[in-house]
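Beneath this line is the structure, given in structure tokens, with notes to follow.
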Amino acid sequence: MSKGGGNVTYNSTKSVLPENHIELWNKSIAVKSDPNNRWAVELKDGKTIYHRFQDDGNGNFHWNGSTNGKTSKGETRAIKITDVPTELKR
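Those letters in the sequence shown? Residues 1 to 90, per full-length UniProt numbering, in order.
Put into structure tokens, the structure is as follows:
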């Protein structure tokens with residue numbers, strides 16, 4: 001089985017961790033309306049992509065998906081644009 005970041009076995013129903021996840025984490029920001037997550041905004045091929053990093057409750061964050069997420073089989077597994085905080089979309 002393939003592994004994700006860390007020691008967690010990859011769940012094939014989840015989105016694939018992007019190769020640039022460290023860069024995205026470094027660009028991520030906290031948003032007041034969504035205190036348990038951090039968000040990064042990426043421009044790729046003329047499209048805006050939002051990436052979410054979720055707090056596990058102990059101050060550890062993991063990449064939790066994006067608005068263009070795909071599984072390892074290429075199936076769409078995206079965060080709905082309506083779930084992206086409004087203040088990020090301004």
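No residue lacks a Cβ here, since even glycine has one placed at the ideal position from N, Cα and C.
Being a predicted model, the structure only gives us computed values, none of them experimental.
C-beta contact flag for Gly65 and Ile79 at 8 Å: yes
As assigned by DSSP and simplified to three states, the class of Glu75: coil
Beta-bridge partners of Asn37, as assigned by DSSP: Gln54
Burial state of Leu43, where buried means 16 or more other Cβ atoms lie within 10 Å: exposed
Beta-carbon spacing of Lys32, Ala40 below 8 Å: no
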